[in-house]
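Chains as they are written, first to last, in the working numbering: chain A, 7 to 171; chain B, 7 to 171; chain C, 7 to 171; chain D, 7 to 171; chain E, 7 to 171; chain F, 7 to 171. Virtual Cβ for every residue (Gly too), placed ideally from N, Cα, C. Have a look at the structure below before the remarks.
Here it is in structure tokens:
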């Protein structure tokens, strides 16, 4: 197996996608942050009466997805045409699912992964004063379509994944 | 339990740390990205002869840590005084451990967490052409010192964690 | 009336414009910063002999317009194809008019508004040592064309608006 | 009257504050965006049932304040230690008041002004599909303390200004 | 001779390229940083056993090229489709050659020049503890194709220029 | 000779400056862009009647210096306290000299070098329509003071260097 991201001298390059077709590309990613039940409760209560942690995480995820080419060194700049995130508040975790859309020459899976990562990190930041042992886990690509490499759909175990469209 | 990040109107604020002391603060975070054994092999081979995936991930982690206040909405701008990352290449995963230092009014745990997240995402990006089912897991704070909230050290299970100093 | 920027869970999203047509889109915005007559005089004198406040404001407006997607959370990244600003130096105010052009899937009115806002804020910054009570007022969209929502032209009262093309 | 921001050649410079004292500095700014009563109603309803425009504007204001040195060309980079925004939802307008704190060598009035500007622009962006004639007005400095230039407090006409602390 | 970058008022504008054709555009730039032979040796040794200065410079060049519109005030945002850098390690210098590709309305020569500049500056930064008198010289455009202004190829003296494709 | 920028694994790190003293640090850098005499004439004429290329280059240099930590991967974020640039317009070149000041734990030589680089690149961008063969040369550190490594002053040949203070 060979990496596409290295040149003849063995140094990283931005892969040349000049001649690729412009097609509609969609990617969804999944992320989960585990926490104490009290922390999950505090998030739930917050939404109702005091401050919506997930609203801030939503904005963070969308803004970070747009910054992907300045966070991931070899990513191409892209004209993202839509981003949405969904949250499932479980008793001891929050699940985040992102969907990113594009009409362009290369896919948006990194953008989708950056969105869920930034959302999970923001939840951590907002809740860390009450729970420092939260753990981000299971950040992965759920689904990807458009482009030459074809449709990818991960076989997932978790039942709670409902991808926002 | 109450969030510190919300104002009286229930909207997020950047917590006021004006009157906090300037002290030396250190934080270490852990992250892991699981992959096929062939992908781990390709990373190991690459270092020897063709292209060092982890060198790019290292740069990505350091640069992302500096961008933390523009990725995590309520984070304070900080004058980071040192960042390092260490990688453990396992047979089916890469472990990343970051250490971030600061002399300032608030801690650098978000910077440490952003560093490992960006490093893991960059590994994903560099290897995704050969393995699309990689999973980032177990991103968490390892240790944190300095500041009023005192020393925090996570009880960890994994033996392979050697924190860079 | 319903917002287009919220998903089913009531959280903000970047509106999906994937299927919109790529058309030429132009937007012009207006802004005004009121100041003491002495401040306006100092700006006028400066241009002649010492330092052109408006040249700095011009650069600030153009650079800020390009940063729109990182300032306004739900804005799409766009490939702006032209930006210009005009200034009218009145006896007690400076008027700023921006024109932004694009061939793309969604309009550039936010870019035009960000450009005049940044230009006015920069004038404030450059002059604040001599006049701290300047007031930015009347930032609004002047005109917008291209795209499905059709031509918009604000009915304006002020005579001095000459839109740069 | 003379500008401090120009060098001997008549070109803009970042004013040298190296020898200034590090003191606590606070600045508050005011902004207002006028809109149709229906738009104000939609914002009020949204908060209750569907999507909080002002929560997004709050995050935008805080994040933009941190970006001030990259938006306003001659601004110094600063270690902001706290930011908060308050909103007053009137029948035909939203008022925004920001407070920014710092312990540093130069004031945060530009940060406070950028925060209200970005919040107003975000409100415009979120509501523009239902009201394209909104007008941002009366962006100005409310109060400023700390530093050599002393305390500044604007004489204001509007009764509704309650500065968040 | 007349500048295209100024408007009627004599202030800089982003040139209007709205009506230009979308074509494939390629640009290559050259840069050189001179240093003591011992510094060049240290870079060569580093690659073999301790740390690859040029790998960091490579990542810096690619990431900086993507930031061109936020570094060069009048540059258009562009969807770069490929970037690569090559290094020639001479006995008392490092040569850097960048190639940037795009399918768009305006050329990528500034992106190519920014890439070599950032790479040279990064080499300086990584080596400055051992050699403070390094000099960056001869940054220029090597070649440019695509677009109305036609093919440009610099007549160069140096034999060592091999442009990466 | 050994690099300070690499860790035990041979990968780049941000050097730990936590325990260094906070002192006043000043750095000056020099850059030169050579051009046809007609191009130099056009810049001179422009200042008088049509558009000041060097005013835009000045703003670009100042803004780029502030972005140094996001352009040069291992640079520390710093609280720059002053930046100025001077230009000497020669018959076939423009010389740029930057001075950057700081009270902090590490020097600002990279900031000074980034400032002159960005100024030269901006001059190139503004003039490239009339002269594509301009060459940036001789970017180097002129002087540096403050900090443990002591005073550095380059022995220079060119008479025209007058460092702005």
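Close Cβ partners of residue 32(C) (< 8 Å) along its chain, the five nearest in sequence each way excluded: For the purposes of this step, residue 32(C) is taken as the residue at position 26 of the third chain. Cβ within range, chain order: 105, 106, 107, 108, 114, 149, 150, 151, 152.
Interfacial residues, the stretch 56-68 of chain C to chain F, with Cβ spacing under 7 Å: Of all residues in the stretch 56-68 of chain C, 58, 61, 62, 65 have a Cβ within less than 7 Å of some Cβ in chain F.
Simplified DSSP assignment, three categories, for residue 96(A): On the first chain, position 90 is the one that residue 96(A) refers to. Of the three classes helix, strand and coil, the one that applies to residue 96(A) here is coil, per DSSP.
Identity of the residue in 141(C), 132(C), 87(C) nearest residue 28(E) by Cα: Along the fifth chain, one-based indexing puts residue 28(E) at 22. Relative to residue 28(E), the option among 141(C), 132(C), 87(C) whose CA is nearest is 87(C).
Members of the stretch 75-107 of chain C that neighbour chain E once the beta carbon cut-off is set at 8 Å: Listed by position along the chain: 83, 84, 85, 86, 87, 88, 89, 90, 91, 92, 93, 107.
Where residue 142(B) meets chain A, residues with beta-carbon distance less than 9 Å: The count along the second chain starts at 1 and reaches residue 142(B) at position 136. Within chain A, the residues near residue 142(B) are 37, 119, 123, 142, 143, 144, 145, 146.
Paired residues, beta bridge with residue 31(C) - DSSP: Along the third chain, read from residue 1 onward, the residue named residue 31(C) stands at position 25. Beta-bridge partners assigned by DSSP to residue 31(C): 108(C).
Neighbouring residues, chain D, relative to residue 18(B) (Cβ below 8 Å): Along the second chain, read from residue 1 onward, the residue named residue 18(B) stands at position 12. Those are 61, 64, 65, 68, listed as they occur along chain D.
Contact list for residue 23(A) against chain E, beta-carbon separation under 8 Å: Against the first chain, residue 23(A) aligns to sequence position 17. One finds 87, 88 in chain E with Cβ atoms closer than 8 Å to the Cβ of residue 23(A), taken in chain order.
Residue 52(C), buried or exposed, once every other Cβ within 10 Å from all chains shown has been counted against 16: Counting from one through the third chain, the residue named residue 52(C) turns up at place 46. Residue burial is scored here from C-beta neighbours: residue 52(C) has at least 16 other C-beta atoms within 10 angstroms and is therefore classed as buried.
Distance CB(residue 141(A))-CB(residue 23(A)) smaller than 8 Å: By 1-based counting over the first chain, the position of residue 141(A) is 135. By 1-based counting over the first chain, the position of residue 23(A) is 17. Result no, Cβ atoms of residue 141(A) and residue 23(A) do not sit closer than 8 Å.
Spatial neighbours of residue 46(A) in its chain, beta-carbon cut-off 8 Å, leaving aside the 5 residues before and after: As a working mapping, residue 46(A) is identified with position 40 in the first chain. So the qualifying residues of the chain are 95, 96, 97, 98, 99, 100.
Check whether residue 62(C) and residue 65(F) have beta carbons under 8 Å apart: Within the third chain, numbered from 1, the residue matching residue 62(C) stands at position 56. Within the sixth chain, numbered from 1, the residue matching residue 65(F) stands at position 59. Yes, these two residues count as a Cβ contact at 8 Å.
Pairwise C-alpha distance: residue 35(C) and residue 116(C): What you label residue 116(C) is simply residue 110 of the third chain in a count that begins at 1. What you label residue 35(C) is simply residue 29 of the third chain in a count that begins at 1. Cα-Cα distance, rounded: 9 Å.
Closer than 8 Å to chain B by CB, residue 114(D): The residue given as residue 114(D) occupies position 108 in the fourth chain. By the rule that beta-carbons nearer than 8 Å mark a contact, residue 114(D) does not touch chain B.
Nearest to residue 155(D) (by Cα), restricted to the options 16(D), 26(D), 41(D): One-based indexing of the fourth chain puts residue 155(D) at position 149. The candidate whose alpha carbon is nearest that of residue 155(D) is 26(D).
Within chain C, partners of residue 15(E) - CB distance below 8 Å: Translated into the one-based positions of the fifth chain, residue 15(E) becomes position 9. What residue 15(E) touches in chain C, judged by beta-carbon distance under 8 Å, is 92, 93, going in chain order.
Residue 79(F) Cβ short of 7 Å to the ligand SAH heavy atom set: Within the structure as shown, the ligand SAH is missing, as the structure has no ligands at all.
For residue 47(C), three-class secondary structure by DSSP: For the purposes of this step, residue 47(C) is identified with residue 41 of the third chain, where counting begins at 1. Shown here, residue 47(C) sits in a helix according to DSSP, grouped into three states.
Distance between residue 50(F) and residue 158(D) (C-alpha atoms, nearest Å): On the fourth chain, residue 158(D) is found 152 positions in, with the first residue counted as 1. On the sixth chain, residue 50(F) is found 44 positions in, with the first residue counted as 1. Residue 158(D) and residue 50(F): Cα-Cα distance of roughly 42 Å.
Separation of residue 143(D) from residue 137(F), as counted between CA atoms: Position 131 of the sixth chain, counted from the start, is the residue given in the question as residue 137(F). Position 137 of the fourth chain, counted from the start, is the residue given in the question as residue 143(D). When rounded, the distance between both Cα atoms is 45 Å.
Residue 73(E): contacting residues in chain A (beta-carbon distance under 8 Å): Reading the fifth chain from its first residue, position 67 is the one you call residue 73(E). The answer, in chain order, is 76.
Chain A residues whose Cβ lies nearer than 7 Å to that of residue 154(C): Locating residue 154(C) in the third chain gives position 148, counting from the first residue. The contacting residues do not exist; residue 154(C) stays about 15 Å from chain A at best.
Per-residue contacts from residue 111(F) into chain B (C-beta, under 7 Å): In the sixth chain, counting from the first residue as 1, residue 111(F) sits at position 105. Think of a sphere of 7 Å around the beta carbon of residue 111(F): the chain B residues whose beta carbon falls inside it are 87, in chain order.
Rounded straight-line distance, which links the Cα of residue 39(D) to that of residue 81(D): As a working note, residue 81(D) is residue 75 in the fourth chain. As a working note, residue 39(D) is residue 33 in the fourth chain. Their backbone Cα atoms lie some 25 Å apart in a straight line.
is_contact[residue 132(A), chain B] using C-beta, thresh 8 Å: Residue mapping note: residue 132(A) aligns to position 126 of the first chain, counting from 1. Output row for residue 132(A): interface = yes.
Distance CB(residue 121(F))-CB(residue 77(E)) smaller than 8 Å: Reading the sixth chain from its first residue, position 115 is the one you call residue 121(F). Reading the fifth chain from its first residue, position 71 is the one you call residue 77(E). Cβ distance not < 8 Å, so residue 121(F) and residue 77(E) don't count as in contact.
Nearest-angstrom Cβ-Cβ length linking residue 9(E) and residue 57(F), presumed shorter than 8 Å: On the fifth chain, position 3 is the one that residue 9(E) refers to. On the sixth chain, position 51 is the one that residue 57(F) refers to. With 8 Å as the limit, residue 9(E) and residue 57(F) qualify as a contact, their Cβ atoms being about 6 Å apart.
Residue from 92(E), 72(E), 79(E) with nearest C-alpha to residue 85(E): Within the fifth chain, residue 85(E) is the residue found at index 79, counting from 1. Closest option to residue 85(E), Cα to Cα, is 72(E).
Cutoff 8 Å: residue 33(A) Cβ touching any chain B Cβ: Translated into the one-based positions of the first chain, residue 33(A) becomes position 27. For residue 33(A), no Cβ of chain B is located within less than 8 Å of the residue's own Cβ.
is_contact[residue 168(F), chain B] using C-beta, thresh 8 Å: Indexing the sixth chain from 1 puts residue 168(F) at position 162. Per-residue confidence for residue 168(F) stands at a pLDDT of 48, beneath the threshold of 50, marking its modelled position as unreliable; no derived number is given.
Distance, residue 126(F) Cα to residue 168(E) Cα: Here residue 168(E) refers to the residue found at position 162 when the fifth chain is read from its first residue. Here residue 126(F) refers to the residue found at position 120 when the sixth chain is read from its first residue. At residue 168(E) the pLDDT is 48, less than 50, meaning the model places this residue with poor confidence; the figure from the coordinates comes in the next sentence. The C-alpha of residue 168(E) lies about 25 Å from the C-alpha of residue 126(F).
Burial state of residue 90(F) (16 or more Cβ within 10 Å): Walking along the sixth chain from the start, residue 90(F) turns up at place 84. Flag for residue 90(F) reads buried.
Minimum Cβ-Cβ distance from residue 11(F) to chain H less than 8 Å: The structure shown contains no chain H; the protein chains it does contain are A, B, C, D, E and F.
For residue 74(B), the three-state DSSP class (helix, strand or coil): Along the second chain, read from residue 1 onward, the residue named residue 74(B) stands at position 68. In this structure, residue 74(B) counts as helix in the three-state DSSP scheme.
Alpha-carbon spacing of residue 160(F) relative to residue 161(D), whole angstroms: The residue you call residue 160(F) lines up with position 154 of the sixth chain. The residue you call residue 161(D) lines up with position 155 of the fourth chain. A direct Cα-Cα distance of roughly 54 Å separates residue 160(F) from residue 161(D).
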